[in-house]
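Asker: Under numbering that gives the first Met the number 0, the first residue of the sequence shown is numbered 0, with each subsequent residue one higher.
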Amino acid sequence: MESKLKAEESNNTAIMEFVLVGFSDVPNLQWILFGIFLAIYLIILLGNSMIILITRNDSTLQNPMYFFLGNLSFLEICYVTATVPRMLSDIWTQKGNISFLACATQMGFVLLFGGTECLLLTVMAYDRYVAICNPLNYPLVMNHKVCTQLVAGSWISGIPVEIGQTCQIFSRSFCGSNTINHFFCDLPQILKLACGDKLVNQMVIYILAVIFLMVPFLLIVASYSKIISSILKLSSAKGRAKAFTTCSSHLTVVVLFYGTAAINYLQPRSNQSEGLGKLLSLFYTILTPMMNPVVYSLRNKDVMVALKRLLPNY
0 MESKLKAEES NNTAIMEFVL VGFSDVPNLQ WILFGIFLAI YLIILLGNSM IILITRNDST
60 LQNPMYFFLG NLSFLEICYV TATVPRMLSD IWTQKGNISF LACATQMGFV LLFGGTECLL
120 LTVMAYDRYV AICNPLNYPL VMNHKVCTQL VAGSWISGIP VEIGQTCQIF SRSFCGSNTI
180 NHFFCDLPQI LKLACGDKLV NQMVIYILAV IFLMVPFLLI VASYSKIISS ILKLSSAKGR
240 AKAFTTCSSH LTVVVLFYGT AAINYLQPRS NQSEGLGKLL SLFYTILTPM MNPVVYSLRN
300 KDVMVALKRL LPNY
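1) If you compare alpha carbons, which of L41, L118 and F17 is closest to F256?
2) Would you tell me roughly how many angstroms separate the C-alpha atoms of I230 and S224, rounded to the nearest one?
3) For I76 versus L44, is the C-beta spacing smaller than 8 Å?
4) Between which two residues does the alpha helix (DSSP H) carrying L111 extend?
5) With a cut-off of 8 Å on the beta carbons, I'd call V294 and V254 a contact; round off their distance for me.
6) Buried or exposed, going by whether 16 or more other CB atoms sit within 10 Å of the CB of P134?
7) Would you mind reading off the limits of the alpha helix (DSSP H) that contains L306?
8) Do three or more CB pairs link the stretch 146–163 to the stretch 105–121 at distances below 8 Å?
9) Alpha carbon to alpha carbon, what distance is there between P288 and L275?
10) For L28, name the three-state secondary structure that DSSP assigns.
11) Compute the Euclidean distance between the alpha carbons of A193 and V129, then round it to the nearest angstrom.
12) In the DSSP assignment, the beta strand (DSSP E) including V334 goes from what residue to what residue?
13) When the Cα of P138 is compared with those of P84, M64 and L68, which residue comes out closest?
14) Residues in its own chain within less than 7 Å of C132 by CB, not counting five upstream and five downstream?
15) Which of the three DSSP states, helix, strand or coil, is assigned to T244?
16) I'd like the span of the alpha helix (DSSP H) that includes G152, first residue to last.
17) Can you tell me which of the three DSSP states L4 falls into?
18) Take Y205 as the anchor and find which of Q164, N70 and M106 has the nearest alpha-carbon.
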């Protein structure tokens, strides 16, 4: 009886620190993973920084599409910096301890940057829609003021929602295990450790996932349905090829990001293994930011020409 009371008391003890498991379940690969993730992080920083530099300074890239691309690259740097440096530190020290406040801060930033990316990718799809389906009015519709407002709206609109969601989760009591089988403080993983009934919180997660993932994705699909229809009506084969090439870069990033994020946040927790959750998270938090400069530079002649003009100066 006494041991049972002690166990219950232990289970109800408030958790003030979490432990991120990360990739400690593969101890023989720790240093290989450290090298891989460090190289990926440096590639992301360098590649996206180059895109920011050329889209701001090259006179031939001063149009809305590249303005949005530069902002997306800045966002990717922020997004990956919210998770990878901490993960590298955990692998290096072989410890995954993270304070309650640091975990809440990391989760808040991950949600903010993820939500902003969903909205910004939608804005970029709208930009392509106007450029291809309404080219005569494109300079008027997508003027600099409108572009700035769309980017600012993508950043600002998610802030109160993501802060509110973070505060809602971390205002709960945590008991029992403090181990998070993940490489960062992800929302579903944190909720698993909370005490009491979680139905309301789970419903809020699904609602926000629909708002920030499914609704923007459906808008992108609608935009590209119109875009493809307009491209097919072009009489010039060269014009069709150029339009498809421009749009395919954006579509590649959309599929990578939305596909993995939607599966991770919309699939019922009971149907998803923790290993799969970590793998999916790697795609939308690390691999997509790495693919962004590769996809947009290798598939875009204007960007490649701008890079060639820039590189001889260094």
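Note that CB positions come from ideal geometry on N, CA and C, so glycine has one too.
Answerer: Well, looking at it:
1) Checked all of L41, L118 and F17; the closest Cα to F256 is L118.
2) Taking the straight line from one Cα to the other gives about 10 Å.
3) Yes, these two residues count as a Cβ contact at 8 Å.
4) Note, L111: alpha helix (DSSP H), F99 to C132.
5) Not quite, the Cβ-Cβ distance comes to about 11 Å (not below 8 Å), so this is no contact.
6) Under this definition P134 is an exposed residue.
7) Where L306 is concerned, the enclosing alpha helix (DSSP H) stretches over K300 to L309.
8) Enough Cβ pairs lie closer than 8 Å, so yes.
9) Their backbone Cα atoms lie some 20 Å apart in a straight line.
10) Reduced to three states, the DSSP call for L28 is helix.
11) Distance between the alpha carbons of A193 and V129: 46 Å.
12) The structure shown has nothing for residue 334, since the chain only spans 0 to 313.
13) For P138, the nearest C-alpha among the options comes from M64.
14) Closer than 7 Å at Cβ, skipping near neighbours: K225, I226 and S229.
15) Here T244 sits in helix by DSSP.
16) In this chain, the alpha helix (DSSP H) harbouring G152 covers H143 to I155.
17) In this prediction, L4 scores a pLDDT of 37, lower than 50, which makes its location untrustworthy; the coordinate-derived value is nonetheless stated afterwards. L4 falls in the helix class under three-state DSSP.
18) That would be Q164, whose Cα lies nearest to the Cα of Y205.
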